[in-house]
Amino acid sequence: MKVIKHMIGDIEVTKDLLLLLTIGGLYALSIALSNTFVNVYLWKQSGEFTDIGIYNLAAVISQPLTFILAGKWAKKMDRVIVLRIGVIFLALFYITVLALGQNASHLLILLGALLGIGFGFYWLAFNVLTFEITEPETRDFFNGFLGLLTSFAGMIGPIFAGFVISSLESFTGYKVIFAVSLALFFTAVILSFFLERRSAKGTFSFRRVFQERKSNSDWLNILHAHFFQGIREGTFIFIIVVLVFITTESELAIGTFGLVNSAVAFLAYYLATRLIKPRFRKKAILYGGIMLYASVFLLISDLTFGKLLVYGICISLAYPLLLVPYISLTYDVIGKAWNAAEMRIEYIVVREVYLNLGRIVSIILFLIAVSLFNDAKSIPILLLIVGAGYSFIYLFIRKLKSKPVSETESPPEALQ
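The sequence shown begins at 35 in the working numbering and counts up one residue at a time.
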């Protein structure tokens with residue numbers, strides 16, 4: 035505990051906060067092990083960009099729909115149970131992948147839907163629990179330390195998985211890694227039983243919170259920012275790994291990419307957590323967005339593994355710079371919004387709907403590009419278009435009128 039206190043500084047860490055971080059870390063490790071390679075697993079079976087796009091589109095369509103359902107349930111039952119349902123669906127996803135084996139590419143929509151449902155339940159509950167368990171003074175720490183855990187998982191997960199997959203024959207390595215991910219999700223379910231029960235009251239007022247954007251300009255700007263975040267994420271979340279595999283034809287190279295990427299991010303998240311003060315948040319978001327878009331130009335011609343590694347290093351520096359203050363600002367705006375104490379679930383759901391609408395638009399553009407035009411020519415142009423998404427975030431964030439909660443004399447009632 036003394037080591038942790040030395041690392042994080044003078045911050046009070048509760049049992050539930052540590053448990054939620056641990057669950058988030060297990061989730062990150064499982065995703066780093068397997069989700070990195072699912073797209074490659076499907077690519078090796080079909081060899082078609084359209085199939086990869088359809089699988090990911092099914093995931094991002096089912097995710098916001100699940101968020102709305104999960105939001106309703108979270109108003110009627112313990113939020114920890116909703117988190118548990120999400121982890122169980124993610125486990126079902128890997129069970130299905132294991133059961134289908136080399137026929138997985140024949141049921142792309144089913145697999146994508148299972149993944150999206152799992153993500154929807156998990157992230158709705160995780161985000162709401164983050165909102166409730168953290169305070170304004172611990173929020174930057176939580177977001178940053180979760181980034182550290184995610185980066186650490188990203189270091190050991192892909193390189194371990196890549197080694198196992200490349201060492202075993204055919205698709206055997208994939209099955210081993212998917213089974214390990216399954217075990218990690220079951221561990222997360224067990225840990226969730228130790229979280230304090232958090233019941234909810236009231237009705238689910240999705241439409242009222244959605245309409246709040248008309249009278250709350252800060253909320254409207256946050257939603258627009260998340261839409262453009264989704265524009266980049268929709269395609270980039272899967273295309274980079276596939277490009278690494280196409281360039282190298284090696285799962286171990288994907289692991290190496292993940293190791294380098296996450297090692298840099300590990301340090302960057304730690305520095306971002308300790309150094310980015312509330313008054314510097316908007317500038318950090320601006321610089322992070324510029325760096326992320328500039329990195330896209332490494333991908334548009336003469337692609338090599340070396341260029342991909344440089345790209346990975348660039349985004350690993352930029353993401354913490356942008357995401358740590360961006361997430362904190364988002365929670366601050368929600369905390370000051372109308373009736374946030376009772377409607378925090380609705381605010382999270384509406385935010386995720388906007389984020390996934392951006393992802394849906396991005397993947398539809400990807401499918402149009404690879405269906406109508408030559409892959410080698412259309413994909414670089416598409417990356418330049420959707421890759422600008424994060425750069426637009428600052429245009430909306432700079433319009434926020436309210437100061438960060440930690441700069442005001444006292445936090446609003448919703449955050450107390």
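We treat Cβ as the ideally placed atom computed from N, Cα and C, and that holds for glycine.
Grouping DSSP H, G and I as helix and E and B as strand, with all else coil, what is Leu449?
Here residue 449 refers to the residue found at position 415 when the sequence shown is read from its first residue. At Leu449 the pLDDT is 30, less than 50, meaning the model places this residue with poor confidence; the figure from the coordinates comes in the next sentence. Leu449: coil per DSSP, three-state reduction.
So the alpha helix (DSSP H) Gly87 belongs to, where does it begin and stop?
Translated into positions along the sequence shown, residue 87 becomes position 53. Counting along the chain, the alpha helix (DSSP H) containing Gly87 begins and ends at 83 to 108.
Keeping to the same chain, check which residues put their C-beta closer than 6 Å to that of Ser444; ignore five residues upstream and five downstream.
What you label residue 444 is simply residue 410 of the sequence shown in a count that begins at 1. Reliability of the predicted coordinates at Ser444 is poor, the pLDDT of 33 falling under 50, and no value is obtained from them.
Tell me whether the beta-carbon of Asp50 lies closer than 7 Å to the beta-carbon of Ile167.
Here residue 50 refers to the residue found at position 16 of the sequence shown. Here residue 167 refers to the residue found at position 133 of the sequence shown. Yes; because the gap between Cβ atoms is below 7 Å, this pair is in contact.
For the pair the stretch 82 to 101 and the stretch 209 to 224, tell me if three or more CB-CB distances fall below 8 Å.
no
CB-CB under 8 Å to Leu225, same chain, minus the five flanking residues each way: which ones, in chain order?
The residue given as residue 225 occupies position 191 in the sequence shown. Excluding residues within five positions, the ones whose Cβ falls inside 8 Å are Leu53, Thr56, Ile57, Leu60.
If we count Cβ pairs, one from each stretch, closer than 8 Å, do we get three or more for the stretch 284 to 294 versus the stretch 83 to 93?
no
Chain-order list of residues whose beta-carbon lies under 6 Å from that of Ser425 (same chain, five-residue window excluded)
The count along the sequence shown starts at 1 and reaches residue 425 at position 391. Gly323, Tyr327, listed in sequence order.
Own chain, CB closer than 6 Å to Glu285, minus 5 neighbours either side, in chain order:
On the sequence shown, position 251 is the one that residue 285 refers to. Closer than 6 Å at Cβ, skipping near neighbours: Gly196, Ile199, Ser200.
Range of the contiguous alpha helix (DSSP H) that encloses Arg385
On the sequence shown, position 351 is the one that residue 385 refers to. Arg385 -> alpha helix (DSSP H) spans 374 to 406.
Thinking C-beta only, is Gly150 closer than 7 Å to Phe261?
Here residue 261 refers to the residue found at position 227 when the sequence shown is read from its first residue. Here residue 150 refers to the residue found at position 116 when the sequence shown is read from its first residue. No, the pair does not count as a contact, with Cβ atoms beyond the cut-off.
Enumerate in chain order the residues of its own chain whose CB-to-CB distance from Gly152 is below 7 Å, with the five nearest sequence positions on each side excluded.
The residue given as residue 152 occupies position 118 in the sequence shown. Here the set comprises Gly120, Phe123, Leu124, Phe127.
If you count every other CB in all the chains shown that lies within 10 Å of the CB of Ala217, and 16 or more means buried, which is it?
Counted from its first residue, the sequence shown places residue 217 at position 183. Flag for Ala217 reads exposed.
Chain-order list of residues whose beta-carbon lies under 6 Å from that of Phe430 (same chain, five-residue window excluded):
Locating residue 430 in the sequence shown gives position 396, where the first residue counts as 1. Taken in chain order, the residues that qualify are Asn255, His258, Ala259.
Report buried or exposed for Leu177, applying the criterion of at least 16 other Cβ atoms within 10 angstroms of its Cβ.
Position 143 of the sequence shown, counted from the start, is the residue given in the question as residue 177. At residue 177 the sequence reads Asn, which differs from the Leu that was named. Classification for Asn177: buried.
Same chain only: Cβ atoms within 8 Å of Ser139, ignoring 5 sequence neighbours per side
Numbered from 1 along the sequence shown, position 105 holds the residue referred to as residue 139. Hits under 8 Å: Leu76, Gln79, Ser80, Asp85.
Along the chain, where does the alpha helix (DSSP H) containing Ile122 start, and where does it finish?
Within the sequence shown, residue 122 is the residue found at index 88, counting from 1. Ile122 -> alpha helix (DSSP H) spans 113 to 134.
Spatial neighbours of Ile280 within its chain, please: CB distance less than 7 Å, with the 5 preceding and 5 following residues excluded, ordered by chain position.
Here residue 280 is taken as the residue at index 246 of the sequence shown, counted from 1. Taken in chain order, the list of residues that qualify is empty.
CA-to-CA distance, Arg247 to Arg241, given in whole angstroms
Indexing the sequence shown from 1 puts residue 241 at position 207. Indexing the sequence shown from 1 puts residue 247 at position 213. Each residue's alpha carbon lies about 11 Å from the other.
Output the distance between the C-alpha atoms of Gly423 and Phe339, rounded to the nearest integer angstrom.
On the sequence shown, residue 423 is found 389 positions in, with the first residue counted as 1. On the sequence shown, residue 339 is found 305 positions in, with the first residue counted as 1. Their backbone Cα atoms lie some 24 Å apart in a straight line.
With distances taken between CB atoms, is the gap from Ser350 to Gly268 smaller than 7 Å?
If you number the sequence shown from 1, residue 350 lands on position 316. If you number the sequence shown from 1, residue 268 lands on position 234. Not a contact, by the Cβ cut-off of 7 Å.
Beta strand (DSSP E) segments (min. 3 residues) lying fully within the stretch 199 to 277
none
Proximal residues to Ala306 (C-beta, below 7 Å), its chain only, five neighbours per side dropped:
Here the question's residue 306 lines up with position 272 in the sequence shown. The residues are Gly178, Pro354, Leu355, Val358.
Measure the C-alpha to C-alpha separation of Leu252 and Ala371 and round it to an integer number of angstroms.
Reading the sequence shown from its first residue, position 218 is the one you call residue 252. Reading the sequence shown from its first residue, position 337 is the one you call residue 371. The sequence shown places Asp at residue 252, not Leu. Each residue's alpha carbon lies about 9 Å from the other.
Neighbourhood of Leu363 by C-beta, 6 Å cutoff - its chain only, sequence neighbours within 5 removed
In the sequence shown, counting from the first residue as 1, residue 363 sits at position 329. Excluding positions up to five away in sequence, the list reads Arg315.
Answer yes or no: do Asn73 and Val367 have a C-beta to C-beta separation smaller than 7 Å?
The sequence position of residue 73 within the sequence shown is 39, counting from 1. The sequence position of residue 367 within the sequence shown is 333, counting from 1. Against a cut-off of 7 Å, the Cβ pair of Val367 and Asn73 comes out as no contact.
Please report the Cβ distance between Val278 and Leu342, rounded to the nearest whole angstrom; I am assuming they are in contact, meaning their Cβ atoms lie under 8 Å.
Indexing the sequence shown from 1 puts residue 278 at position 244. Indexing the sequence shown from 1 puts residue 342 at position 308. That pair is a contact at about 6 Å.
Straight-line Cα distance separating Ile193 from Phe244:
Indexing the sequence shown from 1 puts residue 244 at position 210. Indexing the sequence shown from 1 puts residue 193 at position 159. Looking at the two C-alpha atoms, the distance is approximately 42 Å.
Ala318, enclosing alpha helix (DSSP H) - first and last residue
Taking the sequence shown and counting its residues from 1, the one referred to as residue 318 is at position 284. Its alpha helix (DSSP H) spans residues 315 to 330.
I think Val114 touches Leu229, with their Cβ atoms under 8 Å apart; what is that distance to the nearest whole Å?
Within the sequence shown, residue 114 is the residue found at index 80, counting from 1. Within the sequence shown, residue 229 is the residue found at index 195, counting from 1. Val114 to Leu229, Cβ: 5 Å. Contact.
Rounded to whole angstroms, what is the Cα-Cα separation between Glu376 and Phe205?
Here the question's residue 376 lines up with position 342 in the sequence shown. Here the question's residue 205 lines up with position 171 in the sequence shown. For Glu376 and Phe205, the distance between alpha carbons rounds to 49 Å.
With a Cβ-Cβ cutoff of 7 Å, do Ile310 and Ala318 count as a contact?
Counted from its first residue, the sequence shown places residue 310 at position 276. Counted from its first residue, the sequence shown places residue 318 at position 284. Their beta carbons are under 7 Å apart, which means Ile310 touches Ala318 by this criterion.
On the DSSP letters alone, give me the boundaries of the alpha helix (DSSP H) that Lys78 sits inside.
Residue mapping note: residue 78 aligns to position 44 of the sequence shown, counting from 1. Start and end: 70 to 80.
Looking at Leu320: is its Cβ nearer than 7 Å to the Cβ of Ala187?
Locating residue 320 in the sequence shown gives position 286, counting from the first residue. Locating residue 187 in the sequence shown gives position 153, counting from the first residue. For Leu320 and Ala187, no; Cβs fall outside 7 Å.
Three-state secondary structure (DSSP) of Leu67
As a working note, residue 67 is residue 33 in the sequence shown. Leu67: helix per DSSP, three-state reduction.
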